[in-house]
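Worksheet: one structure, shown below.
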Amino acid sequence: MLAPIIAAYLAQKDTLRNASSESNYAALCRSLSSDVETPWVRAMFAFLATSDWRELVDEMGLPLKDRVAVALRFLSDSELIPFLQELGDEALSSSDLEAVVLFGLRNDGLKLLSAYVDRSGDVQTVALACSFTSPGLIRADMRVQRWVETYRAQLDRLQLYAARAMFDAARGRRARAAFEQARLAGRNAEAKEVAGAMRRTAPPQIVVRCQFCATNIAPSKGAGMLGELNEGGRSTGGQLGIKSTLCPSCSKQVPACCICLERPSLHSFDAHGPATLCWCQRCRHGGHASHLLAWFETSEVCAVAGCDCECNSGR
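Residue numbers (UniProt numbering): 1 to 315.
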């Protein structure tokens with residue numbers, strides 16, 4: 001049914017566009033448009049009847065993103081702005097989450113998320129969406145902070161502690177990436193906003209301490225990447241900006257890797273992947289994760305001479 005109609009339109013489109021609105025072809029297309037249920041087919045027949053792109057953008061059955069795409073491509077500027085404003089008002093009144101593509105995640109976008117939560121109770125979706133915003137926004141807007149904390153509390157109540165930890169870790173990685181992007185782009189105000197928000201988050205509950213004076217020697221939230229920005233937009237970083245194998249408090253050397261015997265710099269305590277440092281909680285011996293994994297592929301006991309601890313098995 002579709003092929004003959006479209007072929008006739010393509011073959012005689014110049015004639016059809018000059019024909020009256022009551023032509024047989026236009027009437028046929030209108031009739032078919034009102035009979036079919038598939039939104040795209042209905043919109044196509046409506047367009048064939050009038051050759052007006054408004055028929056597509058006004059088709060409520062089409063996904064909002066597709067209607068916006070057609071409007072951006074084919075509507076004039078004088079038609080586009082009123083259409084987008086009308087579409088935004090409709091989305092806010094109906095809590096259509098697809099309208100995030102119009103509003104983003106600030107101002108009207110947060111109003112949309114708030115209306116969506118009130119209607120659906122789906123706090124997970126909005127909490128995950130807000131995790132892609134600046135950490136400064138989460139601290140500044142009580143609604144966003146409440147959604148995120150409510151979602152974290154729900155995960156804890158369901159005893160989904162691993163999922164909650166993964167959520168927190170992902171938010172932290174996103175915040176650090178946002179800080180680096182802002183700093184490298186020279187957006188110092190934004191970088192300071194992100195850094196300040198990260199300083200106010202809860203501190204880690206597990207830290208690395210010097211075995212001699214018990215000073216925390218792991219990179220802190222207030223140093224390194226999150227240190228104060230100088231006038232050039234660079235992070236000052238404090239003491240941890242200097243490579244060192246000494247405790248910044250007592251100047252004793254940090255433990256060496258029991259495999260390669262290399263003493264790591266303080267930056268290594270915040271490394272990821274093969275350079276990660278780890279220790280046995282029983283015998284306290286440790287080193288680079290990649291070295292230890294390779295060692296325990298062929299051995300069951302600790303790599304330190306005279307230590308019979310089976311670190312890999314926890315015995």
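No residue lacks a Cβ here, since even glycine has one placed at the ideal position from N, Cα and C.
Nearest candidate by alpha-carbon position, reference residue i, set the options
| i | options | result |
| --- | --- | --- |
| residue 118 | 265, 106, 164 and 147 | 147 |
| residue 60 | 129, 98, 295 and 78 | 98 |
| residue 183 | 177, 165 and 191 | 191 |
| residue 108 | 128, 123 and 143 | 143 |
| residue 174 | 159, 155 and 194 | 194 |
| residue 210 | 247, 96 and 178 | 247 |
| residue 141 | 176, 44 and 110 | 110 |
| residue 128 | 278, 164 and 297 | 164 |
| residue 283 | 262, 162 and 313 | 313 |
| residue 179 | 133, 126, 216 and 159 | 133 |
| residue 176 | 196, 157 and 159 | 196 |
| residue 62 | 44, 189 and 52 | 44 |
Local conformation of residue i per DSSP, three classes
| i | result |
| --- | --- |
| residue 40 | helix |
| residue 242 | The predicted model places residue 242 with a pLDDT of 45, which falls under 50 and marks its position as unreliable; any figure quoted below should be read in that light. Of the three classes helix, strand and coil, the one that applies to residue 242 here is coil, per DSSP. |
| residue 279 | strand |
| residue 209 | strand |
| residue 159 | coil |
| residue 109 | helix |
| residue 286 | strand |
| residue 300 | coil |
| residue 217 | coil |
| residue 223 | No answer about residue 223 holds up, because its pLDDT of 42 lies below 50 and its placement is not dependable. |
| residue 312 | helix |
Distance CB(residue i)-CB(residue j) smaller than 9 Å
| i | j | result |
| --- | --- | --- |
| residue 64 | residue 80 | no |
| residue 288 | residue 260 | yes |
| residue 131 | residue 171 | yes |
| residue 213 | residue 257 | no |
| residue 311 | residue 293 | no |
| residue 316 | residue 84 | With the chain covering 1 to 315 only, the question about residue 316 has no answer from this structure. |
| residue 54 | residue 72 | no |
| residue 343 | residue 57 | Shown here, the chain extends from 1 to 315; a query on residue 343 therefore has no answer. |
Segment limits, beta strand (DSSP E) that includes residue i
| i | result |
| --- | --- |
| residue 84 | Here residue 84 belongs to no beta strand (DSSP E); instead the alpha helix (DSSP H) covers 77 to 94. |
Span of the alpha helix (DSSP H) around residue i
| i | result |
| --- | --- |
| residue 64 | 64 to 74 |
| residue 291 | 289 to 296 |
| residue 55 | 54 to 57 |
| residue 103 | 100 to 103 |
| residue 316 | Residue 316 lies beyond the residue range present for the chain, which begins at 1 and ends at 315; the question has no answer from this structure. |
Burial state of residue i, where buried means 16 or more other Cβ atoms lie within 10 Å
| i | result |
| --- | --- |
| residue 167 | buried |
| residue 302 | buried |
| residue 324 | There is simply no residue 324 to check, as the chain begins at 1 and stops at 315 in what is shown. |
| residue 116 | buried |
| residue 151 | buried |
| residue 207 | exposed |
| residue 38 | exposed |
| residue 155 | buried |
| residue 277 | buried |
| residue 305 | exposed |
| residue 82 | exposed |
| residue 162 | exposed |
Distance cut-off 8 Å: residue i Cβ against heavy atoms of the ligand FMN
| i | result |
| --- | --- |
| residue 107 | Inclusion of the ligand FMN in the displayed structure is not the case, the ligand content being empty and no account of it being possible. |
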